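Accompanying notes for the structure given below.
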Amino acid sequence: MIRFLQSGDTSLVIEFSTEMDRKIARQVLELFRRVERAGIAGIVETVPTFRSLMVHYDPTKATRRSLVPQLEALLEGLEVAEGSGRVWHLPACYEGELAPDLDDVAQRTSLTPDEVVAQHSAETYLVYMVGFLPGFPYMGDLPQHLQLPRREEPRLRVPMGSVAIATAMTGVYTFESPGGWHLIGRTPVRIFDLRRQPAALFEPGDEVCFVPISRAEFDAQERAAAAGTLTLRPLEAAP
Amino acid sequence: MTPGLRVISPGMQTTIQDLGRIGYQRFGVPVSGALDTVALRAANALAGNSSDAAALEALYQGPVLEVLAESIRVAVVGIGAGLEIAGEPARRVPALRSVRLERGARVRVLVGSGALGAVLAVEGGIAIEPVLGSRATYVRAAIGGLDGRPLAAGDTLSVRQERAGDTADIMLATLDLPVAREVRVVLGPQDDYFTPEAIADFLGTTWRVSAQADRMGLRLEGPRLAHAKGYNIVSDGIAPGAIQVPGNGQPIVLLADRQTSGGYPKIATVASADLPALGRVLPGAEISFRAIDVETAEAARCALESELAALPSACIPVGAEIRPPDTARLLESNLVSGVVDAAADDW
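See the structure below:
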């Protein structure tokens, strides 16, 4: 059941579910697109998440009372959105110091490190939402066998580019930051780069699969990325 | 040479801020912007700027700046704030008025004792390129402002004009800058994740602001609030002023640099009209919460906005108030000794 929750006098939340699943995420995305197209006066910006759409509004231009019926109308006949149609092949090195938790993850999942890498890079992930850090993509669903709770002791400094897993999600740390996910690799690609337009590489509805690269390839691509000359382009999704 | 202000000493945490970065939260980019938007808008009105011009937000201790232009007009706003212009004797200019500074002048931005910060606006605004539509600084991801970081000694802040405009200096006779004590909130969006006792405790407690307070949020200390359904939710969006309660049961009020989404239940959200006052709170302060409905909160914000919209027209020429100029200067000089701090040796 869809609920309208209130968060103060500048935001309301259209909650589709308290759980996470692909169908719900695609409904949220469809509503997000409809609200963007509708151009409702007083709406400042909208933020799609796993299971809800947050609508930020200006209370001097619109009120909860005026917005709710307009948003309800947009929920009529809401379908499950198609994806963005973009598929990304994201290079990642799963070796040595770039993968500090790989052995631990292998042990906990009763797999070999190579099997963890094979399973992680075999899947095509949906970008559910972007948050936590600028450009950080929450992607899923991780193969059941790789699903682990977050680390008990979060790290104070996770390096930029770290490819990480926790629960049913995989993600990429777009900046050095504290973090509690398991680090199984690193990508040289700058997922958020202000030198690029748009700065955030991925948006909700994109699909991503990881492509294992060697340490030597990583080092070469890392140098190019630092210089701003590493460009990643999406493939078109199969029809 | 481009006209500007050279940073002699940067103060404790001085950043370039405006009204925030709108439209990029879906990419995970926080809004940022001034903690005290009332002070920002008043300072911009006094400097003759539009309300969203970029200004300096100085927290705890203000910077010392040197004028690298024929003249520059500035204005400071904050509780007990002011400007101290170096010289023999040093001259103090109180908050809430614009002042024209000549080339080579050295000024210290004074943050009032017992105040969190002050805002310094420059006529024409600080001339940096916007990043993602805003000049606000977000330090954690190095976005906006001066290379995404606080000011450092030796920086130069470019300004748009080689000389101050020919208009007279102006002042605001008064400006209400209360420090939050009783904060109005709208319960939710996840108040159903808490027991009725926890809601009662939340509203009935006088909370202490912990030392871990920053532009991202205020951590509060008090009784442990009990979650009814666990403390992990599937992440959803975060509104300005959202009050999240992690597993330790101690609330965190999320402010300008808040993350765009999060996975802790949010018991309540601060009425937006009360956010500027929360942006003036120092660690160790005590605050409490009072629940109001959303219509009341929306009306409070509209009332605040109409007061703020009237700020430019409330500015009057300096000297128009009934006070002989000589007495005024004497009063200003006498105030100097009381506010100069121990860092005065970096003149």
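Residue numbers (this note's numbering), protein chains in the order written: chain A, 1 to 239; chain B, 240 to 586.
Glycine residues also receive a C-beta, built at the ideal position from the N, C-alpha and C atoms.
Just so we're clear, the structure is a prediction, and the values are computed from it rather than from any experiment.
Secondary structure of residue i, DSSP reduced to three states
i: Phe218 (chain A); result: helix
i: Arg37 (chain A); result: helix
i: Arg447 (chain B); result: strand
i: Gly8 (chain A); result: coil
i: Phe192 (chain A); result: strand
i: Ser248 (chain B); result: strand
i: Tyr128 (chain A); result: strand
i: Gly185 (chain A); result: strand
i: Lys23 (chain A); result: helix
i: Asp475 (chain B); result: strand
i: Tyr432 (chain B); result: helix
i: Val370 (chain B); result: strand
i: Ser162 (chain A); result: strand
i: Ile261 (chain B); result: coil
i: Gln70 (chain A); result: helix
i: Arg379 (chain B); result: helix
i: Gln147 (chain A); result: coil
i: Gly140 (chain A); result: strand
i: Pro564 (chain B); result: With a pLDDT of 48 at Pro564 (chain B), under the threshold of 50, the modelled position of this residue cannot be trusted; read the value that follows with caution. Pro564 (chain B): helix per DSSP, three-state reduction.
i: Gly42 (chain A); result: coil
i: Ala122 (chain A); result: helix
i: Leu442 (chain B); result: helix
i: Leu75 (chain A); result: helix
i: Glu534 (chain B); result: helix
i: Ala465 (chain B); result: coil
i: Ala227 (chain A); result: helix
i: Thr112 (chain A); result: coil
i: Arg402 (chain B); result: coil
i: Ser361 (chain B); result: Strictly speaking, residue 361 (chain B) in this sequence is Val, with Ser absent from that position. It is a strand residue.
i: Pro515 (chain B); result: helix
i: Gly179 (chain A); result: strand
i: Leu102 (chain A); result: helix
Own chain, CB closer than 6 Å to residue i, minus 5 neighbours either side, in chain order
i: Ser162 (chain A); result: Tyr173, Leu183, Arg186
i: Asp58 (chain A); result: Gly42, Val44
i: Gly384 (chain B); result: Thr254, Ile255, Thr376
i: Arg314 (chain B); result: Per the sequence presented here, residue 314 (chain B) reads as Ala, with Arg not at that position. These residues qualify, in order along the chain: Ala282, Leu285, Ala286, Ser337, Ala360.
Spatial neighbours of residue i in its chain, beta-carbon cut-off 8 Å, leaving aside the 5 residues before and after
i: Val211 (chain A); result: His89, Leu90, Pro91, Ala92, Ser121
i: Pro154 (chain A); result: Pro178, Gly179, Gly180
i: Glu525 (chain B); result: Arg420, Thr445, Trp446, Arg447, Val448
i: Glu217 (chain A); result: Pro91, Cys93
Residues sharing a beta bridge with residue i, DSSP
i: Val348 (chain B); result: B:Leu322
i: Pro91 (chain A); result: A:Val211
i: Glu15 (chain A); result: A:Arg3, A:Ser52
i: Gln489 (chain B); result: DSSP output for Gln489 (chain B) lists no bridge partner at all.
i: Glu525 (chain B); result: B:Arg447
i: Thr508 (chain B); result: B:Val425, B:Ala481
i: Ser500 (chain B); result: B:Gly476
i: Val397 (chain B); result: What sits at residue 397 (chain B) in the sequence shown is Ser, not Val. In DSSP, Ser397 (chain B) forms a bridge with B:Gly243.
i: Ala200 (chain A); result: A:Phe192
i: Tyr57 (chain A); result: A:Ile43
i: Leu385 (chain B); result: B:Arg388
i: Met410 (chain B); result: B:Arg336, B:Ile555
i: Glu460 (chain B); result: B:Arg447
i: Met169 (chain A); result: A:Ala166
i: Leu355 (chain B); result: In the DSSP output, where bridge partners are listed per residue, Leu355 (chain B) has none listed.
i: Leu235 (chain A); result: A:Val87
Any non-hydrogen atom of the ligand FAD within 7 Å of residue i CB
i: Gln147 (chain A); result: Only the bare structure without any ligand can be found here, which leaves the ligand FAD out of the picture.
Minimum Cβ-Cβ distance from residue i to chain E less than 8 Å
i: Ala164 (chain A); result: The chain labelled as chain E is not found among the protein chains of the depicted structure, namely A and B.
Spatial neighbours of residue i in its chain, beta-carbon cut-off 7 Å, leaving aside the 5 residues before and after
i: Arg339 (chain B); result: Ser310, Arg312, Ala403, Asp408
i: Glu95 (chain A); result: Arg215
i: Glu534 (chain B); result: none
Quiz item: Relative to chain B, which residues along the region 117-139 of chain A have a C-beta separation below 8 Å, given in chain order?
Solution: Met129, Val130, Gly131, Phe132, Leu133, Pro134, Gly135, Phe136, Tyr138
Quiz item: Mind listing which residues of the region 28-55 of chain A have their C-beta closer than 9 Å to chain B's C-betas, in chain order?
Solution: Phe32, Val44, Glu45, Thr46, Val47, Pro48, Thr49, Phe50, Arg51, Ser52, Leu53, Met54, Val55
Quiz item: What are the residues of the region 10-29 of chain A that lie near chain B, defined by any Cβ-Cβ distance shorter than 9 Å?
Solution: Thr10, Ser11, Leu12, Val13, Glu15, Ser17, Thr18, Glu19, Met20
Quiz prompt | Residues in the region 526-557 of chain B having any Cβ partner in chain A nearer than 8 Å | solution = Val533, Glu534, Ala536, Glu537, Ala539, Arg540, Cys541, Glu544
Practice problem: Using a Cβ-Cβ cut-off of less than 7 Å, give me the residues of the region 261-279 of chain B that come near chain A, in sequence order. | Solution: Ile261, Gly262, Gln264, Arg265, Phe266, Gly267, Val268
Quiz item: Which runs of the alpha helix (DSSP H) spanning at least 4 residues fall entirely within the region 265-349 of chain B, listed in chain order?
Solution: 276-285
Quiz item: Given a limit of 9 Å on CB to CB distance, which residues of the region 142-162 of chain A reach chain B?
Solution: none
Quiz prompt | Near-chain A residues of the region 447-472 of chain B - C-beta to any C-beta below 8 Å | solution = Ile472
Quiz item: Mind listing which residues of the region 424-435 of chain B have their C-beta closer than 8 Å to chain A's C-betas, in chain order?
Solution: Val424, Val425, Gly427, Pro428, Gln429
Quiz item: Between the region 485-502 of chain B and chain A, which residues of the former have CB atoms less than 7 Å from a CB of the latter, in chain order?
Solution: Gln498, Thr499, Ser500
Quiz item: Of the residues that make up the region 343-373 of chain B, which ones have a beta carbon closer than 9 Å to any beta carbon in chain A?
Solution: Val370, Leu371
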